[in-house]
Structure formats: structure tokens, C-alpha cells
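J.: Quick mapping for you: the protein sequence lines, in order, are chains E and C.
Numbering-wise (our numbering), the first sequence opens with residue 3 and increments by one.
Numbering-wise (our numbering), the second sequence opens with residue 219 and increments by one.
We put the CB at the ideal spot given by N, CA and C, even for glycine.
Just so we're clear, the structure is a prediction, and the values are computed from it rather than from any experiment.
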Amino acid sequence: DAKTTQPPSMDCAEGRAANLPCNHSTISGNEYVYWYRQIHSQGPQYIIHGLKNNETNEMASLIITEDRKSSTLILPHATLRDTAVYYCIVPSGAGSYQLTFGKGTKLSVIP
Amino acid sequence: DTGVSQNPRHKITKRGQNVTFRCDPISEHNRLYWYRQTLGQGPEFLTYFQNEAQLEKSRLLSDRFSAERPKGSFSTLEIQRTEQGDSAMYLCASSLTSLLDTQYFGPGTRLTVL
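Following this line, the structure appears as C-alpha cells:
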């Protein structure tokens, strides 16, 4: 089972920031948080990952709370092409490299 | 394009036929993964290889499914005696062995079993 909890859907106005929350209250100290997204009929696309500190790349920012029990993915200026299902994943670890995808958050960017 | 590639992109077959899919990982990535995704669900792990060795298999991988990676480069996934329940998107991903093991996905092969 997925170790994360996400809202099933969210809307965001085009040009505004999209803030996607994720709860991972059972995360262990050495487990990373990964974010992927999947645009309709395409393979999942890696976005960003983090351990403790906030991270930023050309696609998004990741804010992880100090207790590491939750995180927020931020798309600073959402466009229509950001409409997708966003998955927050904490890999199983312990020698297993499989990714366990939950249902994710369906983000709809509205013109 | 240096990303993960998969062929064919679409496959329609009749129940009972065998099908084979191919995945070409990112060059120099030594880990390769197969996932399956049915409509409305997230991808589910099937199996993974490190180089040519198949190191982990999901219970989803029934005995009708077989995956190979003979030279540690491309991989094939074969489904024998297909059933309608096998209709899904089959996704391949690859990663470079490291502590972080970030997986990069291909576009997938959509299988429809009639």
C-alpha cells in the first residue's frame, strides 16, 4: 500500500501557484519523498525529490515540514500543460526499489 | 532522443494470443523496471532487473508473464495466452544504480485484448 495520502483532485487558475499537499506520517528518517506526474496517456514524469531540506528545480519546488510528516509540491505559475495526475511517493526502501503509486491528485488548471 | 523508449506504442490482440513488448532504457542505466497501469489507477510494479538479473517480481506477475533482459540493455515482456484482464498500459522505467535510484519512465505500450 502507498505510504502517502493526497487529495483526489484540485483546481488551479492558470498563472497562479498550484500547491499540492501530501501526508506521509510514517516516513522513516532516511526515506526520500518523490513527486511524479502523469499527463493523460503518457508515462509518469519525474518532477523532484527531497529528504529534509526544501528543494527547487526548473519544474517545481518541494517544501517538506520539519517533522517530515508532510510535504507540498509547488508549481509557481501553473499553465494548462500542467494539468495532470500528481503522485507523491515514498519508495519502499529496505532493498526494494519498486515505486508504489497511490491514486494521486488530479490537478486541473483552468483558463 | 535519449529517453526510455517502448515498442510498440499500441497493441491490439485477440484473447489467447501471445504478445511481446520491448523496452530500451536510457543508455548506461543498469536498472530496468516494468509496471502495469489499468484505467483510473496508478502504475503497479511488476518486476525489475539489475543488469541482466531479474531481482524482484510482484505477485501480479503470473506464470503467463515473462520478462527478460539478456544482455543487460533492452528488455522484453511477454504475455502468453492473453486474457481480457491483461488490457492495460505497460510501462517501463530505468534508473542508474545509486542511493537515490530516480526512475525515468517511457511512454508505455497500451495493450487491448479483444
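For the beta strand (DSSP E) that E:Met12 lies in, which residues bound it at each end?
T.: In the first sequence, residue 12 of chain E corresponds to position 10, counting from 1. Taken as a continuous stretch (DSSP letters only), the beta strand (DSSP E) holding E:Met12 covers Ser11 to Ala15.
J.: So with Cβ pairs under 9 Å, would you call E:Val92 a contact of chain C?
T.: As a first step, residue 92 of chain E must be located in the first sequence, where it is residue number 90. Taking Cβ atoms only, chain C never reaches closer than 9 Å to E:Val92, which makes this a no.
J.: I'd like the span of the beta strand (DSSP E) that includes C:Ala285, first residue to last.
T.: Sequence index remark: in the second sequence, residue 285 of chain C carries index 67 (1-based). Unbroken beta strand (DSSP E) run through C:Ala285: Phe283 to Glu286.
J.: Could you tell me the boundaries of the beta strand (DSSP E) in which E:Asn56 lies?
T.: Mapped onto the first sequence, residue 56 of chain E falls at position 54. Neither: E:Asn56 is in no beta strand (DSSP E) and is coded neither H nor E.
J.: Should E:Asp84 go down as buried or exposed, given a rule of 16 or more other Cβ atoms within 10 Å for buried?
T.: Within the first sequence, numbered from 1, the residue matching residue 84 of chain E stands at position 82. Its Cβ being crowded by 16 or more others within 10 Å, E:Asp84 is buried.
J.: For the candidate residues C:Gly303, C:Phe292, C:Arg282 and C:Gln255, whose alpha-carbon lies nearest to that of E:Gln44?
T.: The residue labelled residue 44 of chain E in the question sits at position 42 within the first sequence. Nearest of C:Gly303, C:Phe292, C:Arg282 and C:Gln255 to E:Gln44, Cα basis: C:Gln255.
J.: For the region 30-50 of chain E, which residues have a CB atom closer than 9 Å to at least one CB atom of chain C, in sequence order?
T.: Those would be Tyr34, Tyr36, Tyr38, Gln40, Ser43, Gln44, Gly45, Pro46, Gln47 and Tyr48, in chain order.
J.: Anyone know if the C-beta pair for E:Ser27 and E:Lys71 falls short of 9 Å?
T.: Numbered from its first residue, the first sequence carries residue 27 of chain E at position 25. Numbered from its first residue, the first sequence carries residue 71 of chain E at position 69. It is a contact, given that the beta carbons lie within the stated cut-off.
J.: For chain E, is any of its Cβ atoms less than 9 Å away from the one on C:Gln321?
T.: Counting from one through the second sequence, the residue named residue 321 of chain C turns up at place 103. So, interface residue.
J.: Under a three-way DSSP split, which group does C:Leu295 fall into?
T.: Sequence index remark: in the second sequence, residue 295 of chain C carries index 77 (1-based). Strand, per DSSP.
J.: Can you give me the Cβ contacts of E:Asn56 inside the same chain, cut-off strictly under 6 Å, excluding the 5 residues immediately before and after it?
T.: Numbered from 1 along the first sequence, position 54 holds the residue referred to as residue 56 of chain E. Once the five neighbours on either side are set aside, the close Cβ partners of E:Asn56 are Ile65.
J.: With DSSP run on the structure shown, which of helix, strand or coil describes C:Asp242?
T.: Counting from one through the second sequence, the residue named residue 242 of chain C turns up at place 24. The answer is strand: DSSP assigns C:Asp242 an E or B state.
J.: Counting contacts by CB-CB distance shorter than 9 Å, is C:Arg254 in contact with chain E?
T.: Counting from 1 along the second sequence, the entry for residue 254 of chain C is found at position 36. C:Arg254 does not count as touching chain E.
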